[in-house]
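So in full-length UniProt numbering, the last one in the sequence shown is 110, and the numbering has no gaps at all.
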Amino acid sequence: DPDPHAQAEKNRRLSKYVFPRQFGLGSPFLFEVSKYEPSYIPDFADRDNEIERLGPCKTPKRLKAVLPLLDKLIWRHGKCKYRLLRDLACPSRVPSQRGASSLSLCWIVG
1 DPDPHAQAEK NRRLSKYVFP RQFGLGSPFL FEVSKYEPSY IPDFADRDNE IERLGPCKTP
61 KRLKAVLPLL DKLIWRHGKC KYRLLRDLAC PSRVPSQRGA SSLSLCWIVG
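As structure tokens, this is what we get:
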């Protein structure tokens, strides 16, 4: 049984990735590049540093109803068999060898 406090923390952290503007974080949709100054494009996929700089903050009231949906999303992500889905959608034409390592020299040499 997962710890409810840890699960709620994961939900709030995911909400900061999904709804960054609600927490005052940067958004890739509102990012502006100046023509006159050299600039860098931030990595919006990894917001850990930005979230840590923000520190603890309250979850906005309008997002509290979304937290159970994010909890379901995390749970289903953990239960999904991605490799099985991939093999169903994109079957490999290379025969698999049971018990052999994926980088076997037999396949490379001949």
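Idealized CB from N, CA, C, for every residue including glycine. All values derive from a computational prediction rather than experimental measurement.
Checklist entry - Is Phe19 closer than 9 Å to Leu63 when the C-beta atoms are compared? => result yes
Item to check | Minimum C-alpha distance to Asp46 - residue among Lys16, Pro68, Ala8, Arg12 | outcome: Lys16
Checklist entry - Just checking my contact of Gly26 with Glu50 at CB under 8 Å: how many whole Å lie between their CB atoms? => result 7 Å
Checklist entry - If you draw a straight line from the C-alpha of Leu69 to the C-alpha of Tyr40, how long is it? => result 34 Å
Checklist entry - Once you ignore the five residues that flank Arg21 on each side, which residues in its own chain have a CB closer than 6 Å to its CB? => result Ser27
Item to check | Candidates Glu37, Leu73, Tyr36: closest to Phe12 by CA position | outcome: Residue 12 is actually Arg in this sequence, not Phe. Out of Glu37, Leu73, Tyr36, Leu73 has the C-alpha closest to the C-alpha of Arg12.
Checklist entry - Is the CB-CB distance between Leu67 and Ala8 below 9 Å? => result yes
Item to check | Sub-9 Å separation of Phe23 and Leu54 beta-carbons | outcome: yes
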